[in-house]
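A.B. asks: Quick note, the sequences are listed as chains F and R, same order. Counting from 1 along the first sequence, just add 191 to a position and that's the residue number in the numbering used here. Counting from 1 along the second sequence, just add 3 to a position and that's the residue number in the numbering used here. Beta carbons: idealized from backbone N, C-alpha and C, even for Gly. Computed from a predicted model, the values in this text were never measured in an experiment.
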Amino acid sequence: MEPIIETFESRKKHMCVKGEGISIPVCDKASLPGTVTQRTCVYGGARIVLMPITDSIHLVHGPIGCAACTWDIRGSKSSREDLYKKGCSTDLKEKDIIFGGEKKLFETIMELNKIYSPGAIFVYATCVSGIIGDDIKAVCKKSEELTGCRVIPVQSEGYQDHNKTKGHWIGGDALLDHVIGTKEPETTTSYDINIVGEFNVAGDLWGIKPLIEEMGVNIISTLTGDSHVDEIAQAHRAKLNIVQCQKSSNYVAKKMEKKYGIPFIKVNFFGLQQTINSLRDIADFFGDEEMIKRTEKIIESGLKEVEHKTDEYKERLSGKTVALYVGGNKAWSLVRAFEELGMEVMMSGTKNGIKEDYERIKETVKDGTIIVDDANSTELARLLKKYRPNLLISGAKEKYISLKLGVPFCDFNHDRISAFAGFKGFVSFAKEVDASVSSPVFELPLNNLGGD
Amino acid sequence: MSCVNIIEKERNVVINPLKTCQPFGAMFAVTGINKGFPIVHGSQGCSAFVRYGFARHFREPSEIAVTSLHEDAAVFGGRKNLVAGIENLALRFKPDIIGVITTCSSEIIGDDVYGFTETARENIKKKMGEDSHEIEVIPISTPSFVETHYKGYDTAIKSIVNHLARKDEPNEKVNIIPGIVNPGDIRELKHLMNMMKLEGIFLTDISDPFDAPLRPSKVTKPFYPKGGVSVDEIKDSANSLGTVSICKYAGSGALSLEKEHKVPAAVDSPPVGLQNTDKFIRNLKKFTGNEIPNEILDERGILVDSMADNAARYLFGRKVIIYGDPDITTGIARFVGELGMEPTMVCTGVKSPSFAQDMEKIAKETGSEIDVMVGQDLRAVEVYLKENPVDLMIGNSDGRLISLDQGIPLIRVGFPVYDRVGYQRQPIVGYRGGLYLMDLITNTILEKYYEPTHWKLQQ
Chain F
192 MEPIIETFES
202 RKKHMCVKGE
212 GISIPVCDKA
222 SLPGTVTQRT
232 CVYGGARIVL
242 MPITDSIHLV
252 HGPIGCAACT
262 WDIRGSKSSR
272 EDLYKKGCST
282 DLKEKDIIFG
292 GEKKLFETIM
302 ELNKIYSPGA
312 IFVYATCVSG
322 IIGDDIKAVC
332 KKSEELTGCR
342 VIPVQSEGYQ
352 DHNKTKGHWI
362 GGDALLDHVI
372 GTKEPETTTS
382 YDINIVGEFN
392 VAGDLWGIKP
402 LIEEMGVNII
412 STLTGDSHVD
422 EIAQAHRAKL
432 NIVQCQKSSN
442 YVAKKMEKKY
452 GIPFIKVNFF
462 GLQQTINSLR
472 DIADFFGDEE
482 MIKRTEKIIE
492 SGLKEVEHKT
502 DEYKERLSGK
512 TVALYVGGNK
522 AWSLVRAFEE
532 LGMEVMMSGT
542 KNGIKEDYER
552 IKETVKDGTI
562 IVDDANSTEL
572 ARLLKKYRPN
582 LLISGAKEKY
592 ISLKLGVPFC
602 DFNHDRISAF
612 AGFKGFVSFA
622 KEVDASVSSP
632 VFELPLNNLG
642 GD
Chain R
4 MSCVNIIEKE
14 RNVVINPLKT
24 CQPFGAMFAV
34 TGINKGFPIV
44 HGSQGCSAFV
54 RYGFARHFRE
64 PSEIAVTSLH
74 EDAAVFGGRK
84 NLVAGIENLA
94 LRFKPDIIGV
104 ITTCSSEIIG
114 DDVYGFTETA
124 RENIKKKMGE
134 DSHEIEVIPI
144 STPSFVETHY
154 KGYDTAIKSI
164 VNHLARKDEP
174 NEKVNIIPGI
184 VNPGDIRELK
194 HLMNMMKLEG
204 IFLTDISDPF
214 DAPLRPSKVT
224 KPFYPKGGVS
234 VDEIKDSANS
244 LGTVSICKYA
254 GSGALSLEKE
264 HKVPAAVDSP
274 PVGLQNTDKF
284 IRNLKKFTGN
294 EIPNEILDER
304 GILVDSMADN
314 AARYLFGRKV
324 IIYGDPDITT
334 GIARFVGELG
344 MEPTMVCTGV
354 KSPSFAQDME
364 KIAKETGSEI
374 DVMVGQDLRA
384 VEVYLKENPV
394 DLMIGNSDGR
404 LISLDQGIPL
414 IRVGFPVYDR
424 VGYQRQPIVG
434 YRGGLYLMDL
444 ITNTILEKYY
454 EPTHWKLQQ
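#1: Does His60(R) come within less than 7 Å of chain F when only Cβ atoms are used?
#2: How many Å lie between Phe600(F) and Ala626(F) at the Cα?
#3: Apart from the five residues just before and just after Pro309(F), which ones in its own chain have a Cβ nearer than 8 Å to its Cβ?
#4: How do the stretch 409-418 of chain R and the stretch 258-269 of chain R stand: do at least 3 beta-carbon pairs fall below 8 Å, yes or no?
#5: Counting only runs that start and end within the stretch 209-268 of chain F, where is the beta strand (DSSP E) found for 3 or more residues in a row?
#6: Considering only the alpha carbon of each residue, which of Glu302(R), Ser46(R), Val164(R) and Ser406(R) lies closest to Lys389(R)?
#7: Arg435(R) lies in the alpha helix (DSSP H); which residues open and close that run?
#8: Which of helix, strand or coil does DSSP assign to Phe205(R)?
#9: Would you grab the beta carbon distance between Gly235(F) and Gly48(R) for me? Rounded to a whole angstrom, and I think it's under 8 Å.
#10: DSSP has Ala311(R) in a bridge; who is on the other side?
#11: Quick one: what does DSSP say Met192(F) is sitting in, helix, strand or coil?
#12: Run down chain C in chain order and give the residues with a C-beta less than 7 Å from the C-beta of Tyr591(F).
#13: Leaving out five residues before and five after Val339(R) in sequence, what residues of the same chain have Cβ atoms less than 6 Å from its Cβ?
#14: Under DSSP, the beta strand (DSSP E) around Leu404(R) begins and ends at which residues?
#15: Between which residues of its own chain and Asp472(F) is the CB-CB distance below 7 Å, once the five residues before and five after are set aside?
#16: Should Asp325(F) be flagged as near chain R, meaning a C-beta pair shorter than 7 Å?
#17: Please compile the residues from chain R whose C-beta is within a distance smaller than 8 Å of the C-beta of Ala259(F).
#18: Which of the three DSSP states is assigned to Arg303(R) in this structure?
#19: Could you give the DSSP three-state label for Cys340(F): helix, strand or coil?
#20: Considering only DSSP beta bridges, list what Glu346(R) is partnered with.
#21: Identify the residues that DSSP records as bridge partners of Val17(R): which are they?
#22: Can you list, in chain order, the residues of its chain with a C-beta nearer than 7 Å to that of Leu571(F)? Leave out the 5 residues immediately preceding and following it.
#23: With a Cβ-Cβ cutoff of 7 Å, do Cys279(F) and Val384(R) count as a contact?
#24: What residues in the stretch 340-364 of chain R bring their beta carbon closer than 8 Å to a beta carbon of chain F?
#25: Closer than 9 Å between beta carbons: that is the criterion. Which residues of the stretch 555-588 of chain F meet it against chain R?
#26: Run through DSSP, which three-state label would Lys269(R) get?
#27: So His369(F) and Ile343(F) are in contact, right, with Cβ under 8 Å, and what is the actual spacing, rounded?
#28: State the CB to CB distance for the pair Thr261(F) and Phe52(R), rounded to an integer number of angstroms; the pair is presumed to be in contact (CB under 8 Å).
#29: State buried or exposed for His457(R), treating a residue as buried only when at least 16 other CB atoms are found within 10 Å of its CB.
#30: Nearest to Gly519(F) by CA position, among Phe313(F), Tyr451(F), Ile196(F) and Cys218(F), is which residue?
#31: Does Tyr227(R) come out as helix, strand or coil in the three-state DSSP assignment?
#32: Mind checking the stretch 196-221 of chain F against chain R and listing, in chain order, the residues whose C-beta falls within less than 8 Å of any C-beta there?
#33: Using a Cβ cut-off of 8 Å, which residues of the stretch 164-177 of chain R contact any Cβ in chain F, in chain order?
#34: Among Gly343(R), Leu381(R) and His166(R), which one has its Cα closest to the Cα of Lys12(R)?
#35: Taking beta-carbon pairs under 7 Å, can you tell me which members of the stretch 342-356 of chain F lie near chain R?
#36: Spatial neighbours of Met192(F) within its chain, please: C-beta separation below 8 Å, excluding the five flanking residues on both sides.
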C-alpha cells in the first residue's frame with residue numbers, strides 16, 4: 192500500500208487513513224530523536240493545567256529558562272486576580288546544583304509569601320531539581336507550616352515521560368492530594384457541580400457558565416479556569432462533575448469518583464448541537480422537571496440568538512476542507528463543529544494522543560480521513576503539501592510552516608483571542624474561521640510575477 | 004552632578020525575568036548559518052518553548068531538533084539519543100552544519116557530548132557514504148544554570164569559529180558579530196558596510212532565516228530558509244581584516260580569532276545613536292583603511308538634522324527608563340542622552356561586568372544621575388516606577404502590563420516584541436536606525452503628552 196507520505200520507516204505506522212489498513216495509528220511512543228517534534232515536556236503539561244488558577248503564585252524550581260519561556264503564554268483569562276500571570280523562578284545556579292537548591296527554594300517561598308500573600312504557591316519541579324534530588328515535598332510542607340499559606344508541590348520533572356499527558360495527571364494529582372477536600376462549603380445545594388477541564392482560554396468559560404447557572408445549577412468550582420484555590424478546595428462536595436477537556440482531566444474526574452463518589456459526565460461545548468446535547472445531559476442527570484423545562488428554553492433562546500448570524504460565513508465556508516493538528520481532545524471534539532459550518536475534516540492529528548484519544552477520533556471522523564500521531568515539522572509540511580487543505584487548525588509553532596506553504600491557518604491553541612465555546616462562541620468561531628479561509632491574501636495568485 | 008547609583012538585587016526569587024537560559028542564545032546563533040540545523044540535547048520542552056518564543060517574535064517558523072531525553076536517559080546517560088538524533092537529522096535534512104546544544108539535563112548527567120558527536124560523525128559517513136558531503140557537527144556546551152542566554156550566544160559563536168576558521172589567503176572582508184538583534188539591524192549594518200565598499204562575514208546572520216518571503220514554489224525539500232552565513236564564509240573568517248563585535252557579551256569569538264589567527268578584534272557597544280554609530284564606522288575604517296564616503300556623512304547629517312528639528316522642542320528633559328539586553332540598553336541610554344532626555348534608570352537581567360562601567364561613562368557625558376539596576380527583573384522595575392514616575396519606558400513587550408497599569412507609554416525595543424507587528428524588520432542601529440527610534444519616541448510623546456491639550460500641533 193502506498194505510504195501516506197514519505198517518512199522514516201519507524202514513523203509510517205503513526206499515520207493511517209480511516210477505513211483502510213490499520214485502524215488507529217501507533218501512538219504514545221517516544222519521539223524519534225533528531226526530529227523537530229511539536230511536543231513539549233511533562234513540566235509543560237502540568238503547567239497548563241494549573242496555571243489558570245488566578246490567585247496563586249506559580250513558582251518554578253529550576254534554572255531560569257523553564258519559567259522565562261512559559262510565563263503568561265497561555266491565554267487564560269481572569270475576572271479577578273492576576274497573580275497567576277507572574278513568572279517566578281528560583282533561578283538555580285551552578286552553586287545550587289552542587290550543594291542542592293532546597294535552602295534557596297525555602298527562602299524564595301518565604302519572600303513570595305511576604306510580597307503577595309497569595310491563595311497558594313504551587314512549586315513546580317523541573318528536570319534539574321529532579322536530577323539533583325531536591326526534596327520539594329519536604330520544603331513545601333515546612334514552609335506551609337511556617338507561613339500558613341498553602342504551598343503545593345508539583346512533581347513535574349520534564350524528562351519523566353515522553354508524553355505530556357503525564358504532566359496533566361501530575362497537575363491533577365497536586366490538586367487532588369493537597370487542595371480538594373481541604374475546605375467545607377458554607378452551604379450546599381442538590382445541584383452543586385464542578386466544571387472540570389475548562390481553562391477559560393480566551394474566555395470560553397464565560398460562554399458556558401451563564402448557560403449552566405441559568406439552568407439552576409450551582410457551580411462550586413472550575414478546574415481550573417478563572418478559579419480561586421479556596422473554591423477548588425470545596426470541590427469534593429459537588430454532586431456531579433462535568434468534564435470538558437477529557438484528555439487532560441478525565442483522570443481527575445475518575446479519581447474524584449473513586450475517592451468521593453462524585454459521578455462525572457463528559458460534555459463538549461464546541462459547536463451548536465454539542466452544546467445542546469451537553470446542556471440536556473446535565474439536566475437529565477438531575478432529573479428535575481423544572482430544570483429540564485428551563486434548559487429547553489435556554490437552548491431555544493440560545494439558538495434564536497445565533498440564528499442567521501452565521502449564514503454569511505457558512506456560505507463562504509461550505510465545502511472547504513480543514514486539517515486539525517491539535518491536542519488530544521480537540522482533535523475529535525471540533526469535528527462536529529466544523530461539519531456544522533459545512534466544512535469537511537480531512538485530517539485529524541495530535542501531538543500527544545494516547546489510545547483512548549485515537550479511538551474517539553476514529554469514531555468521530557468520516558471514512559477516508561487521515562489520522563496522524565506526533566507529526567514532526569517535515570511530516571506536517573509534506574502532509575499539507577500533498578493534501579492541500581483549505582485551512583489548518585493548530586498552534587503557534589505550526590502557524591508559520593503552514594503559511595509559508597500557502598495554506599491558511601487559524602489558531603485554536605492558547606494564543607486564541609476570541610471565545611469559541613457555547614452559543615455566542617459558535618458565532619465567533621465561524622467568524623474567525625471565515626476570516627482565515629477567505630482572507631484575500633490567499634486568493635491572490637501567490638506565484639505571479641513570472642519566473643517564480 | 005553626574006553619577007550612577009548601582010542597585011543590586013536583594014531578593015532570591017526572580018519575578019518576571021529579563022533573561023532566559025543559555026541554550027536559547029545558542030539556538031539563535033546556529034539558525035543564522037546557511038543550511039545550519041540546531042539540535043538540542045535535552046528534554047523536548049527545551050526546544051519547543053524556544054521555538055514558540057522565536058515564532059511569536061519573528062512570525063517565522065523555526066526548525067530546531069531535539070534528542071528527547073527521558074527518564075531512562077537521566078539514569079543511563081543520553082548517548083543513544085544523541086547519536087541516533089544526529090544521524091536522523093543528517094539523513095533527513097542533509098545540513099551543512101549541525102550545532103549540538105547541551106542543556107542542564109545533559110550537562111548534569113555528564114554526557115560526553117564531544118565523544119558522542121565523533122561517534123555520530125563516523126556513523127553518518129558509513130551510512131551515507133559518498134552521499135555524505137562533509138557535515139560539520141559542532142558541540143556547543145551551554146548549561147542553563149550558568150549565566151544567561153547572552154552567554155549561550157557567545158559560547159556558540161566561539162565554538163563555531165574555533166571549530167571552523169582556517170587560515171588561508173587573506174580576504175578583504177570584515178567579520179561582524181551582531182549579538183541577539185533583529186533582521187532589520189543586520190540589514191542596516193550591511194547597508195553601512197556597502198556604503199564603505201566593504202563586504203562582511205556575519206557570525207552569524209539571522210536576517211534572512213528569520214525574515215523570509217512567502218513563496219510556496221521556493222519551498223525546497225528539505226526546507227531551508229534562504230540566507231544565513233555559509234560554512235565556507237565562516238572558515239574564511241580567519242583571513243579577514245578584522246572582527247567587530249557590536250555587543251560586549253559576545254566578544255569571545257572575536258578574541259579567539261585574534262589569538263589564533265591574528266585577526267584584530269574590536270569589542271564595543273552596539274551602534275545605536277550618533278556617537279556609537281560613529282565609533283562603528285571608525286572601527287571599520289581602522290581595519291580596512293577604506294575612506295568614509297559622502298553618502299555616509301549625508302545619512303549622518305539627516306539624523307543630526309532631525310535631532311535639531313525635534314529634540315529640543317519635544318524631548319528635552321523627558322525622563323526615560325530603559326530595560327533589557329545589557330548592550331542595547333547602554334546604547335539607547337547614550338542615544339537618549341544625545342537627544343537631551345534624562346535616562347533616569349536602566350535595568351538589565353544579567354550581571355554584566357561592563358554594564359555599570361558603561362553607564363558611568365554615559366552619566367558623565369549627559370550630566371545626569373542614573374539608577375543602574377544590574378541582574379534585576381521586571382518586578383524591580385515595577386516597584387521602582389511606582390515611586391519614581393517617568394515619561395517614557397523603552398524595552399520589550401513583557402513590560403506592557405506595567406505600562407498599562409501605571410499609564411506610562413512603552414516604546415518597544417529588543418526581544419521579545421509580541422504585541423505589535425513589524426518590529427523585527429526595523430533597525431535601531433546605524434543612523435537610519437537612530438532616525439526610526441527617534442521618530443517613534445517623538446510621535447509617542449506627541450500623542451501622549453501634547454495631543455490631549457494642544458488642539459493644533461505645528462512646528
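C.D. replies: In short:
#1: no
#2: 10 Å
#3: Asp246, Ser247, Ile248, Leu274, Leu303 and Cys340
#4: No contact exists between the stretch 409-418 of chain R and the stretch 258-269 of chain R.
#5: 247-252
#6: Ser406(R)
#7: Gly433 to Ile448
#8: strand
#9: 5 Å
#10: DSSP, once it has assigned bridges, lists no residue as partnering Ala311(R).
#11: Unreliable placement is indicated for Met192(F), whose pLDDT of 49 sits below 50; no coordinate value is reported for it.
#12: In the structure shown, chain C cannot be found, because the protein chains are F and R.
#13: Excluding sequence neighbours, Val339(R) sits near Val323 and Pro346.
#14: Counting along the chain, Leu404(R) falls outside any beta strand (DSSP E), though it belongs to the alpha helix (DSSP H) covering Arg403 to Gln409.
#15: Ile456 and Val458
#16: At a cut-off of 7 Å between beta carbons, Asp325(F) makes no contact with chain R.
#17: Pro20, Lys22, Thr23 and Cys24
#18: helix
#19: coil
#20: Reading off the sequence, residue 346(R) comes out as Pro, not Glu. Beta-bridge pairing links Pro346(R) to Val323(R).
#21: Paired residue(s): Ser280(F).
#22: Closer than 7 Å at the Cβ level, and outside the excluded window around Leu571(F), lie Tyr516, Glu589 and Ile592.
#23: no
#24: For the stretch 340-364 of chain R, the set of positions with a beta-carbon nearer than 8 Å to some beta-carbon of chain F is empty.
#25: Asn567, Ser568, Thr569, Ala572, Arg573, Lys576, Gly586, Ala587 and Lys588
#26: One point to set straight first is that residue 269(R) is Ala, not Lys, in the sequence displayed. Strand, per DSSP.
#27: Between His369(F) and Ile343(F) the beta-carbon gap is near 5 Å, inside 8 Å, which marks them as a contact.
#28: 6 Å
#29: exposed
#30: Cys218(F)
#31: coil
#32: Cβ contacts with chain R come from Phe199 and Ala221.
#33: Residues of the stretch 164-177 of chain R with a Cβ closer than 8 Å to any Cβ of chain F: none.
#34: Here the closest residue by C-alpha is Leu381(R).
#35: Gly349, Tyr350, Gln351, Asp352 and His353
#36: Low local confidence applies: a pLDDT of 49 at Met192(F) is under 50, so the model's placement there is unreliable, and no value is given.
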